[in-house]
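These notes are about the structure you will find just below.
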Amino acid sequence: MKIVRILVASIACCGWLLGAAAEAPAQAVVKVGNILPLSGPSASVGLQNKQAQDMAVQEINDAGGIKSLGGAKIQMLYADSESKPEKGVAEAERFINTEKVHILTGAWNSAVSYPVSAVAERYQIPFLVPVSVADKITEQGFKYVFRIAAKDSWWTRDQFAFLKDLQAEFNAKVATLAFVYENGDWGKGFAEGWKKHAQAGGYKVVLDEPYPSTATDLSPVVQKIKRANPDVLLLTSNAADAILLTNTMAEYKVKPKAIVASGGGHADPSYLKAAGKNARYLFDIVEWETDVNKPGAKETNEKFKKLYGYNLTGESVDAYAAMYVLADALERAASTDPRAIRDALAKTRLTKGPAMIVGYDAIEFDESGQNKHAALVMVQVNDLGKGLERITVWPKASRRAGYKPVFPIP
Amino acid sequence: MNASTVTRQPASGRPVLLRWAPLLLLLAFAFALPLVVRSATYLHILILLLLYAYLTTSWNLVGGFAGVLPLGHAAFVGIGAYTSTVLSLQYGLSPWIGMILGGMISTIVGVLIGLPTFKMRGAYFALATIAFAEGLRVMVENLDRLGPFRLNGPRGLQIPPLEVGFGRLMFAEKEPYYYIILTMLVLAVGITWAVSRSKLGYCLAAGGEEPEAAQSLGINVARLKLIAMAISSFLTSLAGTFWAQFTLYIHPKSVMSLDISFEIAFIALIGGRGSIAGPLLGALLLRPVSDFSRIHFGDTLPGLHLVIFGVVLILVMLYQPRGLQEPLTRLYRRGMQRLFGTGEGG
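Chains as they are written, first to last, in my numbering: chain Y, 1 to 410; chain P, 1001 to 1346.
Spelled out as structure tokens, the structure:
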């Protein structure tokens, strides 16, 4: 009998849920469907993205919404992809068909953004991607996908440009490289770029080691690094494995001349907390740093920190800026028709406003939908007497005044 | 006794029809559903429901009847998805042919896994199948190409939605997908029903519950399990192709992940292993719970939907360890008895 009661309760529950789905909110809103990994392995970055976007939307709505639409408010709808492509696709279809959203954004994981871009294209709904970096997302000839972040081939290109400048600055020679990367979509994409650039730059690759980022013990990988003894170690890691690698390397006393990471886990706020002084002198390439020399950046970061308890990251800045790019496009489109929004997005040239806390001077999309101005900076983790911090070192024009990078690692 | 057979015999035409009527009604209802459910979102959810019901029904041949707990069926989903996708992307082969080819490969692989592992008992068998499926996933993740075939490692394969039509197993609308998976499910249930009524089914059940006793009666338990595994892996593989054509994007973490194997097992456990209705009931309960809780709580309380899923699982395991199929069958029988009198005794 008990089971029957439970069943009845769960059926009633389902009915209530269905009912909740049916009640539609009032007019004068622009509906934005946002697909993010809110549970599962990438939940923490998904949440940071959500918080940055919530903050931006709050600001936009508080400032009077979209004026050309009579002060229409932006309404954010969130869906959890669990980092799974099929769930992301299902949610995209639900957003489009049931919720009737005017625009899609997300999905953080490249593996989710990629198929979602096809859904958006099919229904002709613009898809604004803040941070999925896989090149292929904007290389499908699609008209409805727009990306704020730099694509991954640009990241590897800039890592090698940095290496070259570093050697010139310190008059030192880097001959051998080791590649260690998570064996997913993202890590493999980076490794491919590294191989190309290493060959072009005449470096010798002494280790090419993918590893699963769910590994609980990375000492075999670290021992391989120790044996290969590279001048420079290039890393692509997610959060937990970045911490594990750094701490295991300290344990085994592995000290290449420099370690160059690729954002992601190394840029996650939890990394510095957990790796502590083992992370000192690490170089990390990111899109944005809290010490960036842009008006408003400091204030925005402080506001974010007060709200959520940690600093903005390059990814959350992209997510934050994306909402202002959207507001700007809506303002110009003066319509909630997805096609009109798409055309306005394609003509974006944003040079002022809160979005300009990004590290470069304008947001503008090329024909493929890629933000052509997206640029990257290299930071070094160091302790200047106030605890560990991330200090911008490259390009030289953006370097924090008075700081000299430490190379090789003492 | 004589009297009862006499009274039943002449009227047999009607009671048989009546006994089948609810099933036929259910089937008609399932086929008519897309006429009512117009929303692509809910059709999408329904298709996934049927897909999981199909997967679990296929799994049930081994996991239910043969009395072992295979947790590596994602491997067959992956083989099916990759075989048809690679062949259609590189050689333009129709996914329908790829589907059958993938099924054949899966059958061979299934038998090869079964040969050494069916000697194992309980948890060891389950662990061996997990190990195999995970091994296959890691291999595909690290292979960009396998001979002439491009697998594209962890980045997976996207199927460009260019040629739409039945021959390409690709449609712009959801309805055709719904009818295809429904037909596949009906066929799979039919096969399960036939197996459960055949000598194979009885011997499997005997071998699953009391292997020593069955063997002493001269039943070659290992061989029968292999046959069940072959059918099961073939059917599972077909779902892989369907999955690939439905989502148009596959990568190892989606079509080969342990999550699929576990979800199949969960559905079977909730619904009732070893019964025909079990997988259907399990999918009917668990899929909506998982989908609707994700839709409604996924944004406000991230992760809550997984908790709900877990709680439902625990409740059923606590109160109905043999699955929901048992109390519901009892209820159904009682209802039939009341409707059609005592003739329906069983």
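Ideal placement from N, C-alpha and C gives every residue a C-beta, glycine not left out.
Predicted model, so just to flag it, every value in this text is computed and none were measured.
- Residue-level contact by beta carbon fails for residue 1165 of chain P and chain Y, as no gap is shorter than 8 angstroms.
- In the structure shown, residue 204 of chain Y adopts extended strand secondary structure according to DSSP, grouped into three states.
- Residue Y:143 holds the alpha-carbon nearest to the alpha-carbon of residue 347 of chain Y among Y:143, Y:135, Y:223, Y:69.
- Listed in chain order, the non-local C-beta contacts of residue 1099 of chain P below 6 angstroms within the same chain comprise 1084, 1238, 1241, local neighbours out to five positions each way being set aside.
- Only residues of its own chain outside the window of five on either side were considered, and among them 126, 144 have a CB closer than 6 angstroms to the CB of residue 342 of chain Y, listed in chain order.
- Sequence-distant Cβ neighbours of residue 368 of chain Y in its own chain, meaning closer than 7 angstroms and more than five residues away, are 138, 139.
- Beta-carbon to beta-carbon, residue 291 of chain Y and residue 357 of chain Y are separated by about 12 angstroms, too far to satisfy the 8 angstroms threshold.
- Within the region 1041-1071 of chain P, the residues whose Cβ lies closer than 7 angstroms to any Cβ of chain Y are, in chain order, 1041, 1044.
- Residue 344 of chain Y and residue 1056 of chain P have their C-alpha atoms roughly 48 angstroms apart.
- The region 1300-1337 of chain P is shown to contain whole alpha helix (DSSP H) runs of 4 or more residues at 1304-1319, in chain order.
- Close to residue 49 of chain Y, with beta-carbon spacing below 9 angstroms, lies no residue of chain P; the smallest spacing is near 12 angstroms.
- A residue is called buried once 16 or more other Cβ atoms fall within 10 Å of its Cβ, and residue 68 of chain Y, having fewer, is exposed.
- Closer than 8 angstroms to the CB of residue 269 of chain Y there is not a single CB belonging to chain P.
- At a cut-off of 8 angstroms between beta carbons, residue 209 of chain Y makes no contact with chain P.
- The three-state secondary structure of residue 36 of chain Y, taken from DSSP, is strand.
- Its Cα nearest to that of residue 320 of chain Y, the residue Y:56 stands out among Y:33, Y:231, Y:63, Y:56.
- The Cβ atoms of residue 182 of chain Y and residue 238 of chain Y sit closer than 8 angstroms to each other.
- The beta carbon of residue 1245 of chain P sits closer than 6 angstroms to the beta carbons of 1095, 1169, 1170 from its chain, once the five residues preceding and following it are set aside; these are given in chain order.
- In this structure, the alpha-carbon of residue 1317 of chain P lies about 10 angstroms from that of residue 1271 of chain P.
- Restricting attention to Y:190, Y:166, Y:147, the CA atom closest to the CA of residue 157 of chain Y is found in Y:190.
- Taking C-beta atoms under 8 angstroms as the contact rule, residue 225 of chain Y and residue 233 of chain Y qualify, at a distance of about 6 angstroms.
- Judged by their CB atoms, residue 108 of chain Y and residue 39 of chain Y are not nearer to each other than the 8 angstroms cut-off.
- If you ignore the 5 residues before and after residue 336 of chain Y, its C-beta comes within less than 6 angstroms of the C-beta of 30, 102, all in its own chain and listed in chain order.
- If the five residues before and after residue 1224 of chain P are omitted, its C-beta is found closer than 8 angstroms to the C-beta atoms of 1066, 1200, 1203, 1204, 1207, all from its own chain and listed in chain order.
- The DSSP-derived three-state label of residue 392 of chain Y is strand.
- Under a 10 Å Cβ-count criterion, residue 1189 of chain P is classified as buried, with 16 or more other Cβ atoms of the shown protein chains found around its own Cβ.
- Beta bridge pairing from DSSP links residue 176 of chain Y with Y:204.
- When secondary structure is reduced to three states using DSSP, residue 1170 of chain P falls in the strand class.
- When DSSP states are grouped into helix, strand and coil, residue 1145 of chain P belongs to the strand group.
- Using a Cβ-Cβ cut-off of 8 angstroms, residue 1247 of chain P is close to 85, 86, 89, 115 of chain Y, given in chain order.
- Within the same chain, 1181, 1239, 1242, 1243, 1246 come within 8 angstroms of residue 1051 of chain P by CB-CB distance, once the 5 residues on both sides are set aside.
- Taking one beta carbon from each stretch, the region 1020-1028 of chain P and the region 304-313 of chain Y have fewer than 3 pairs nearer than 8 angstroms; the two do not touch.
- Residues of chain P with a Cβ closer than 7 angstroms to the Cβ of residue 138 of chain Y do not exist, since the nearest Cβ in that chain sits about 14 angstroms away.
- Boundaries of the alpha helix (DSSP H) around residue 303 of chain Y: 297-308.
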